[in-house]
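In my numbering, the protein residues as written are 40 to 215.
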């Protein structure tokens with residue numbers, strides 16, 4: 040996936056130390072997705088632009104070895120899928136995103152950072168400010184309208200409706 044081809048911005052956090060492990064998990068800043076995800080991302084990017092936003096992508100395909108590193112850092116099945124089960128990211132059928140406001144150039148306030156593995160990252164959190172709830176609902180509406188489904192525990196995670204029916208993919212184009 041490229042910024043130009045998909046009309047998105049890429050900030051691949053697992054190719055940096057700015058993630059829950061505080062380590063660089065990916066040696067290469069490459070964002071890959073399953074071919075069935077591509078048209079949905081393009082739709083989401085188009086819907087975001089119509090609303091005055093740009094889709095910012097944090098992660099797509101995640102090699103199983105990278106998933107194992109996340110599990111090692113936080114072995115909590117509420118937030119990290121055990122490697123033996125396999126994340127939908129490791130199927131190429133999930134994507135982690137947020138929105139950038141096109142007028143200000145700033146990332147919308149979603150109440151927590153990406154990879155904040157706490158109850159505040161869940162979709163339905165009444166204690167968050169109205170602005171944060173609004174921002175999350177805008178992202179949710181864009182992604183659902185594009186054909187994705189959400190998971191309750193992470194406001195940034197979206198996947199194909201039948202994501203887990205796809206096989207795990209073991210690729211070496213993203214070095215871990």
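Each residue gets a CB set at the ideal place from its N, CA and C atoms; glycine is no exception.
Distance CB(residue 65)-CB(residue 54) smaller than 9 Å: yes
Burial state of residue 167 (16 or more Cβ within 10 Å): buried
Per-residue burial, residue 175 [other beta carbons within 10 Å of its own, 16 or more giving buried]: buried
Residue 53 in three-state terms, based on DSSP: helix
Contact check, residue 191 vs residue 163, beta carbons under 9 Å: yes
Cβ shell of residue 183 (< 8 Å), same chain only, five flanking positions each side left out: 189
Outcome for residue 165 when other beta-carbon atoms lying within 10 angstroms are tallied against a minimum of 16: exposed
Cβ-based burial, residue 130 [other Cβ within 10 Å; buried from 16]: buried
Alpha carbon of residue 41 to alpha carbon of residue 49, nearest angstrom: 8 Å
Contact test: residue 86 Cβ vs the ligand GDP heavy atom, cutoff 8 Å: Among the components of this structure there are no ligands whatsoever, and the ligand GDP is therefore not found.
Own chain residues within Cβ distance below 8 Å of residue 59, not counting five before or after: 109, 112, 113, 154 and 156
CA nearest to the CA of residue 169, picked from 81, 86, 185 and 150: 150
Status (buried if at least 16 other CB within 10 Å, exposed otherwise) for residue 101: buried
Bridge partners - residue 94, DSSP secondary structure assignment: 138
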